[in-house]
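Here the protein sequences come in this chain order: D and E.
Residues in the first sequence are numbered from 666 upward in steps of one, following our numbering.
Residues in the second sequence are numbered from 666 upward in steps of one, following our numbering.
There are 2 protein chains.
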Amino acid sequence: MARSEGSIFKLCFLCSVIANLFFGVNLYVGRRGVGRWKWSSDEVNVQGLSWSGRAAAEAESAAARECSGHGRAFLDGAVADGRPACECNTCYGGPDCSLFLPSCSANADGGDPLFLEPFWKQHAESSAVVVAGWHRMSYSFSDQTFLSQELESLLRKLHSQVGNAITDDKYILFGAGSTQLLNAAVHALSHLNSSFPASAVASIPYYALYQMQTEFFDSADCSFQGDPAHWKNATNTTGDIIEFVTAPNNPNGQLNEAILHGPNVKTIHDRAYYWPHFTGIPSPADEDLTIFTISKLTGHAGSRFGWAFIRNEEVYQRMNTFLQLNTMGVSRDTQLRAMKLLKVIIEDGGREIFKFGYKTMTKRWDRLRKTLSMSNRFSLQKIAPENCTYFQKVREPTPAYAWVKCEREEDRNCIEILNAAKILGRGGSIFHDDDRYARLSLIRSNDDFDLLISRLESLVSGEDGAKIM
Amino acid sequence: MARSEGSIFKLCFLCSVIANLFFGVNLYVGRRGVGRWKWSSDEVNVQGLSWSGRAAAEAESAAARECSGHGRAFLDGAVADGRPACECNTCYGGPDCSLFLPSCSANADGGDPLFLEPFWKQHAESSAVVVAGWHRMSYSFSDQTFLSQELESLLRKLHSQVGNAITDDKYILFGAGSTQLLNAAVHALSHLNSSFPASAVASIPYYALYQMQTEFFDSADCSFQGDPAHWKNATNTTGDIIEFVTAPNNPNGQLNEAILHGPNVKTIHDRAYYWPHFTGIPSPADEDLTIFTISKLTGHAGSRFGWAFIRNEEVYQRMNTFLQLNTMGVSRDTQLRAMKLLKVIIEDGGREIFKFGYKTMTKRWDRLRKTLSMSNRFSLQKIAPENCTYFQKVREPTPAYAWVKCEREEDRNCIEILNAAKILGRGGSIFHDDDRYARLSLIRSNDDFDLLISRLESLVSGEDGAKIM
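If you want it as structure tokens, here you go:
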């Protein structure tokens, strides 16, 4: 009996060991074999990935490259060691961006909106998009337009959530950034009522592109005439007058309003910065021609996507013809991506992104004000607090740019003084203003901003008679 | 001893059973638990997907929508039943595109290059691309340009593989399709040597956009003067002459050459169709200014991506300024996608895609020729066979468009006759030619082409005195 019992146990034990081997090998091969089992935390109901897995893996491999927090690797970057290399922030170098370049100038020059990059890294899952090889190959959408109706709906919904524009009863057009739309608008508004060349004006200081575009593209139809103040009592000119109104203004953050009014005055409202990141939203814009861009909303300057709301049908048709003959509309790849980004924002009514943007900008302004508070040499623009219907409070503006004034009599060229202290920015004359002013960009990467503050601190602490804390 | 041996076996058996339970539960929970284990056949070395899985699942869900082979669902399409709805080919309808609309006209109008859509569906895995939420938010690449160096390298490599352009010692620029680059080229070449307005010319029949763009954008700097033949003996005009040379030509497929030569003649070579899909490649283009577009190479018209090779530095700089002030370069999203598509092509030296394109176009031309061979009423353009250095043989051209002539004396308006027979196309006068001609597009979807043949068969079989097979 004992013998027989022993044999049964031996048999059971053998079976059990075989079963163990089976399970063990199964798990091992499943995880490490020719194919791989992958864990996914997504909640989308899908049986398993087939054709998109490789692209996903490539993107994650690029994103996983360690760049010391001072850079990032992109899928289409130069390749090093078999995968995309780190692309470092200004003033950082080395294969993993860990090398600080001490003699490098702080970059506060262009309006690269990288202050929002961390937001998108935090929302990696909801903001990623897969473009299939056969995605929208046609020239047109199925309604024969160049505009995605889904994207249009999202844009109108966003403005209604934020309360920064009334979009009812207005036509919409998409452009390659606000850049192309500004160009289309000037072209459409020239010769609208008159066969004489139009005159374009913008209050000083103004964004240089207005003048550069008008002079480069429309010299025969429209001449750039500088400040509208000169035209205030002379609106009965032969040609039309086109006024650019930028609110908040680039470079100084003021909520500009139109100076000129009258039957032959047409206004282009550039609302690139009219988002809660930068300003209170006292009331929704409700203008004849208003231009927005994704660049200063989500931070995707590189995507080249903007949109315009237009009240008048003739102006809309003329702008539409411009956009069709110029580029046949905006890339469908870009429209797909803009849609995905907007969906992330709209999901919570913009709460997260605007909180992130406002908080980041507030912190930066606090640090900047604190740094310059010790200075007698440099001052910052003053902008009155605004009621913000979005945040439901009165708030300090946190503009994208500091408009710095050099106060000393002898400091006639402010940007030269900043450059000498290893700070890059833009001199006042670029904005048609006095060179006693300079624009410093506050919307770039954290690294750029940190270095800007550090260079300003050195500059201020070296002042004769700097205030003592 | 037996007793003791039995106890040891019992203990071992118990341990083994526990181990079995552990392995079993582990496998079961791993496959069916809160998350999901997914099998991937890709060979990219990656531990597992995290943030990109959801986007991948969304894209696959849209792509999996059944549209009866007569449509497809896109990720950014209108939503039905919780996921993107089918967008049907012309003449098909219903929620799954299974409904043929019998009274619908065959669409042979625009140059939508959907004949290549099946190629990309066959290469779904290698052509998909994941765009991360933080992908290239900057205005510029790390070298401060608006152009991806990786993409530039791929384009130069492709031309060297195909043998259709010499790119050494030439500048390259990217545009939103060839559309924007044509525009930039006219602007750059006007007033290059002379302060007088330039004249633009193109051999009849020519692509209507040349004239439309020149008249819309450059009326003050450049006037469109039609056929260059009138100017052949009058090149000593006061202003410059800009000749558009399209080879193969749109609409008739001829390998046009420049008509005008001389110190004040500038030539824009539009090489949109200079790919083995459509023509033999007798020799590489080696011209001062040559424009290509991805639209007629990969079929991605909707991506709006083109490129130009430019020999002269001044012309390059002027075009570059145009592109910067017009749109600040081409969307980085588009450049990323173009890169992925080009990688698929380059991997085998273009063999697969050009074989696919050439075969498709050859089949379509065979069917079209056969259909019209029974007709006395309609004739097709004749193009001499060309040596193709790419396929290493002499081959019949397979142009993108049929240039149909109505032969009957009374059929003065060919497109009207085609329209009456439920065929959409473009009349000759759109190309500044006689309306006795009409252009029929042969590069659209299989459905469009099949219906075109069917409508033509009906038309031809109804002819008085049609030839009998």
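Where is the CB? At the ideal position from N, CA and C, for every residue including glycine.
For D/Tyr1023, the enclosing alpha helix (DSSP H) covers residues Arg1016 to Ser1038. With a 10 Å radius around the Cβ and a threshold of 16 neighbouring Cβ atoms, D/Gln919 comes out buried. Below the 8 Å Cβ cutoff, chain D contributes Met802 as neighbours of E/Pro778, in chain order.
D/Leu1006 counts as buried, since at least 16 other C-beta atoms from the protein chains shown sit within 10 angstroms of its C-beta. Shown here for E/Ala863: same chain residues with a beta carbon closer than 6 Å to its own, the five before and five after excluded, namely Ser855, Cys887, Gly904, Asp905 and Ile907 in chain order. Sequence-distant partners of D/Ser770 (beyond 5 residues in either direction) whose C-beta falls short of 6 Å from its own C-beta, in its chain, are Lys1087 and Leu1089. Of all residues in the region 837-857 of chain E, the ones placed with a Cβ closer than 7 Å to any Cβ belonging to chain D are Ala841, Gly842, Thr844, Gln845 and Asn848, in chain order.
Residue-level contact by beta carbon holds for E/Cys753 and chain D, with a gap shorter than 9 Å. Only those residues of the region 981-998 of chain E whose C-beta falls short of 8 Å from the nearest C-beta of chain D are listed: Thr986, Phe987, Leu990, Asn991, Thr992, Met993, Gly994, Val995, Ser996, Arg997 and Asp998. Taking a C-beta cut-off of 8 Å against chain E, the contacting residues of the region 856-881 of chain D are Leu874, Met877, Gln878 and Phe881, listed in chain order. Within a 10 Å sphere around the beta-carbon of D/Gly776 sit 16 or more other beta-carbons, which makes this residue buried. Relative to E/Asn977, the option among E/Gly1092, E/Lys835 and E/Asp1076 whose CA is nearest is E/Lys835. Close partners of D/Met1004 in chain E (Cβ separation under 8 Å): Asp741. The criterion of a C-beta distance shorter than 9 Å is satisfied by E/Glu1128 and E/Asn1041. Considering only beta carbons, the part of the region 959-980 of chain D lying closer than 7 Å to chain E consists of Gly964, His965, Ala966, Gly967, Ser968 and Arg969, in chain order. Along the region 782-807 of chain D, the positions whose C-beta sits under 7 Å from a C-beta of chain E are Glu782, Trp785, Lys786, His788, Ala789, Glu790, Ser792, Ala793, Val794, Val795, Val796, Ala797, Gly798, Trp799, His800, Arg801, Met802, Ser803, Tyr804 and Ser807, read in chain order. The beta-carbon distance between E/Thr944 and E/Ala830, rounded to whole angstroms, is 13 Å. This is too long to meet the 8 Å contact definition.
Residues of the same chain with a CB within less than 7 Å of the CB of E/Asp1098, apart from the 5 flanking positions on each side, are Ile869 and Pro870 in chain order. Residue burial is scored here from C-beta neighbours: E/His926 has fewer than 16 other C-beta atoms within 10 angstroms and is therefore classed as exposed.
In chain E, no part has a C-beta under 9 Å from the C-beta of D/Leu1045; the shortest such distance is about 25 Å. As summarised for the region 937-974 of chain D, the continuous beta strand (DSSP E) elements at least 3 residues long and confined to that stretch are 954-958, given in chain order. In the displayed model, D/Ala724 falls within a helix according to three-state DSSP. Contact annotation for E/Gln826 against chain D: no contact, minimum CB-CB distance about 19 Å [criterion: below 8 Å]. Beta-bridge partners of D/Phe909 (DSSP): D/Ala867 and D/Ile933. Burial check for D/Pro893: the Cβ neighbour count within 10 Å reaches 16 or more, so the residue is buried. Annotation: the continuous beta strand (DSSP E) that includes D/Cys1071 extends over Tyr1066 to Cys1071.
Under the DSSP definition of a beta bridge, E/Gly1092 partners with E/Ala1103.
The C-beta distance from E/Val1069 to D/Val796 rounds to 37 Å, too long to fall under 8 Å, and the pair is not in contact. At a cut-off of 9 Å between beta carbons, E/Asp1112 makes no contact with chain D. The region 741-757 of chain E makes contact with the region 1108-1116 of chain E, as at least three CB pairs between them are under 8 Å. For the region 751-775 of chain E, the residues whose beta carbon sits under 9 Å from a beta carbon of chain D are, in order, Glu752, Cys753 and Gly775. The contact set of D/Leu1001 on chain E, defined by CB atoms closer than 9 Å, consists of Phe739, Leu740, Asp741, Val796 and Asp998 in chain order.
Going by beta carbons, D/Glu1081 and D/Trp1030 fall outside the 9 Å limit. The secondary-structure analysis by DSSP pairs E/Ala745 across a beta bridge with E/Arg748.
Around the Cβ of E/Leu766, a 10 Å sphere holds fewer than 16 other Cβ atoms; the residue is exposed.
The residue among E/Ile1011, E/Pro941 and E/Val851 with its C-alpha nearest the C-alpha of E/His934 is E/Val851.
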